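Numbering (our numbering), first residue to last: 129 to 183. We put the CB at the ideal spot given by N, CA and C, even for glycine. A quick note: this is a predicted structure, and the numbers were derived from the prediction, not measured.
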Amino acid sequence: MTKLVRITWLIECLQEIVDRDTRDDMSMSDFDRGMVAGYRSCINQLRKIMETDLD
């Protein structure tokens with residue numbers, strides 16, 4: 129797998145986790161909300177890496 133394919137796959141996996149974990153937001157603990165925020169941060173950083181690698 130190329131670096132771009134691996135990063136794209138990782139972004140998709142993290143996005144799936146975030147989407148799944150935030151469906152029932154009312155039942156989430158503060159810890160869970162913190163984890164989701166961390167996942168979102170990772171997703172955004174990986175997308176930035178992809179954008180700079182493609183330029």
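In the three-state scheme derived from DSSP, where H, G and I count as helix and E and B as strand, S157 is classed as coil.
Per DSSP, reduced to three states, the secondary structure at T130 is coil, with no helix or strand assignment. Judged by their CB atoms, L174 and I145 are not nearer to each other than the 9 Å cut-off.
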